[in-house]
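Participant: Residue numbers (the working numbering): 88 to 302. Please read through the structure below; I'll follow up with questions.
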Ligand code: ADP
Ligand code: NI
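Pasting the structure below:
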């Protein structure tokens with residue numbers, strides 16, 4: 088059988104190739120690269136588990152599947168097709184199930200590998216790429232760019248986070264700007280600095296133009 092990583096790459100490319108919500112193959116590939124970089128810098132974590140979890144992290148995502156169960160089935164079926172120890176499968180599944188943000192209702196992470204993959208995914212949600220992904224997601228979901236009449240939500244259930252009325256600019260306050268403080272590793276915190284700065288400046292300029300203050 089060909090190398091497990093290559094086999095997993097092929098599977099993920101096939102599954103996520105056509106996604107237009109910012110969860111495409113290129114996102115997965117960046118998360119994998121970020122995760123392996125953090126692993127190397129921090130000199131901790133099992134790189135194989137980290138790479139596999141990064142590659143598979145969006146496969147069972149409820150947003151990209153008909154239901155939570157259907158997403159889990161997809162991952163389980165894939166695991167049945169590869170030659171991997173039960174322990175590794177359990178660990179990778181646990182990472183994938185615990186790293187999601189879900190409106191801030193995140194679970195306590197069990198392993199250093201989970202912390203690294205979560206940081207890698209979060210780095211791709213902020214900065215210039217984060218801005219691009221948020222508007223791609225908002226467009227695909229038919230959500231407005233901005234509406235000053237809508238309130239920023241502080242506390243919300245997962246249901247409200249996914250389905251409630253909001254705008255992409257609001258998403259910066261409801262999630263993206265908060266991520267920097269929630270990172271687990273020093274390496275990711277360092278990388279987040281300039282990405283955070285980029286979002287803050289983007290928002291300032293956005294309001295300037297929205298209000299015509301630059302005219
Ligand atoms: P997680 O998978 O960590 O729970 P989300 O599913 O909330 O994260 O979001 C993943 C990415 O999708 C975000 O970083 C953002 O780019 C985009 N996204 C999710 N919800 C929204 C939203 N309401 N408006 C704009 N972008 C969103
Ligand atoms: Ni992701």
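No residue lacks a Cβ here, since even glycine has one placed at the ideal position from N, Cα and C. Quick caveat, the model's predicted, so the values are computed rather than measured.
Tell me, to the nearest whole angstrom, how far the beta carbon of residue 142 is from that of residue 95; I am working on the premise that it is less than 8 Å.
Facilitator: At roughly 5 Å, the Cβ-Cβ gap stays under 8 Å, so residue 142 and residue 95 are in contact.
Participant: Starting from residue 266, trace the alpha helix (DSSP H) in both directions and tell me its first and last residue.
Facilitator: Its alpha helix (DSSP H) spans residues 266-269.
Participant: Would you tell me roughly how many angstroms separate the C-alpha atoms of residue 114 and residue 235, rounded to the nearest one?
Facilitator: C-alpha separation (whole angstroms): 30 Å.
Participant: Residue 210 and residue 278 - do their beta-carbons sit closer together than 8 Å?
Facilitator: It is a contact, given that the beta carbons lie within the stated cut-off.
Participant: Which ranges does the alpha helix (DSSP H) cover as unbroken runs of at least 4 residues, wholly within the region 119-163, from first to last along the chain?
Facilitator: Segments of the alpha helix (DSSP H) lying fully in the region 119-163: 134-143.
Participant: Taking 7 Å as the cut-off, is the beta-carbon of residue 204 closer than that to any non-hydrogen atom of ligand 2?
Facilitator: Checking every heavy atom of ligand 2 against the Cβ of residue 204, none is found closer than 7 Å.
Participant: Alpha carbons only, please: which of 152, 213, 261, 225 is nearest the one belonging to residue 288?
Facilitator: When only C-alpha atoms are compared, the closest one is 213.
Participant: Counting C-beta neighbours from all protein chains within 10 Å, is the total for residue 238 16 or more, i.e. buried, or is it exposed?
Facilitator: Under this definition residue 238 is an exposed residue.
Participant: Near residue 159, what residues of its chain come up, given a Cβ to Cβ distance below 7 Å and the 5 sequence neighbours on each side ignored?
Facilitator: Here the set comprises 147.
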